[in-house]
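Asks: So for the sequence shown, the working numbering puts the first residue at -14; every next one is plus one.
All C-beta atoms, glycine included, are put in the ideal place defined by N, C-alpha and C.
Just dropping this structure here.
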Amino acid sequence: MISDSDGKHYPWYGPKTEVKTIHGPTSEFETAQLSMSDNFFPQVTWSIPISLSRTARLTNVKRNQSFYVWLVAKNLIANKIYILKTIRWEMSLEIVVDPTKSLGERAKLIGPFKQKQPVILNKQVKIPVCALHAPNANSGQTLIWRNADEENITVVPPKKRVIQCPSDCLICC
């Protein structure tokens, strides 16, 4: 698991509408308005990045990703995170590409045309410690190029090395 933060405000997704500080203890209930907008915006290169050739060779893109989003409260004095809600969502797509066509006509979505809606889980999922620190998703992805014959692959390593967490490396919630 890896963080999808903006890469600057770990572990938070961003510093503005995603975070609210309430100073306490308080004698009354306080309401906080929070919002998060996650736009799936993958970028894929036309050629194999570690190849000397810059010929466009991309013909197909397949992605199947799943995400957890946590609504949490953090006690800044005790440095403890309390999970209030866990949301799971998925993003799948397949695109065929013809790099010989003109811009705007090169790619066609094969499907799915409708994505699954996010689900608020009944049981909270613990947050792995490795999701609270760098690297973030954009700099920790591995790109795998498969030739049309599906037998030969080229693996392009992530920009930053992903730190592997042991299976018991979960924060107490």
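1. Buried or exposed: where does Pro151 fall if 16 or more other Cβ atoms within 10 Å of its Cβ makes it buried?
2. Closest to Val46 by CA distance: which of Val29, Val4 and Ile138 is it?
3. Considering only the alpha carbon of each residue, which of Thr139, His8, Thr2 and Ala119 lies closest to Lys59?
4. Applying the 10 Å Cβ sphere with the 16-neighbour rule, what's the burial state of Trp63?
5. By the DSSP assignment, the beta strand (DSSP E) with Gly161 in it spans what residues?
6. Look at the alpha carbon of Ser12 and the alpha carbon of Trp55, and state the distance between them as a whole number of angstroms.
7. Out of Trp74, Cys115 and Ala119, state which residue places its alpha-carbon closest to the alpha-carbon of Thr103.
8. Indicate the three-state DSSP secondary structure (helix, strand or coil) for Val114 in the structure shown.
9. So is Ala17 buried or exposed if we call it buried at 16+ other beta carbons inside 10 Å?
10. Taking Ile95 and Val81 to be in contact with their CB atoms under 8 Å, please state how far apart those CB atoms are, rounded to whole angstroms.
11. How should Thr139 be labelled, buried or exposed, when 16 other C-beta atoms within 10 angstroms of its C-beta is the threshold for buried?
12. Using CA coordinates, which residue listed in Asn137, Lys108, Arg131 and Glu136 is at the minimum distance from Lys70?
13. When burial is assigned at 16 or more other CB atoms within 10 Å of the CB, is Pro0 buried or exposed?
14. Using the DSSP secondary-structure output, state which residues sit across from Glu79 in a beta bridge.
15. For Ala58, which beta-bridge partners are listed by DSSP?
16. Quick one: what does DSSP say Phe14 is sitting in, helix, strand or coil?
Replies: Here's the rundown:
1. Because Pro151 sits at a pLDDT of 49, beneath the cut-off of 50, its placement in the model cannot be relied upon, and the point is left open.
2. That would be Val29, whose Cα lies nearest to the Cα of Val46.
3. His8
4. Just to set this straight, residue 63 is Ala in the shown sequence, not Trp. Exposed, by the Cβ-count rule.
5. No answer is possible for residue 161: it lies beyond the span of the chain, which begins at -14 and ends at 158.
6. 26 Å
7. Here residue 103 turns out to be Pro, not Thr, going by the sequence shown. The shortest C-alpha separation from Pro103 is found at Trp74.
8. helix
9. exposed
10. 6 Å
11. By the 10 Å Cβ count, Thr139 comes out exposed.
12. Lys108
13. exposed
14. Glu79 is bridged to Lys47 and Gly96.
15. Note: Ala58 sits in a beta bridge opposite Tyr67.
16. coil
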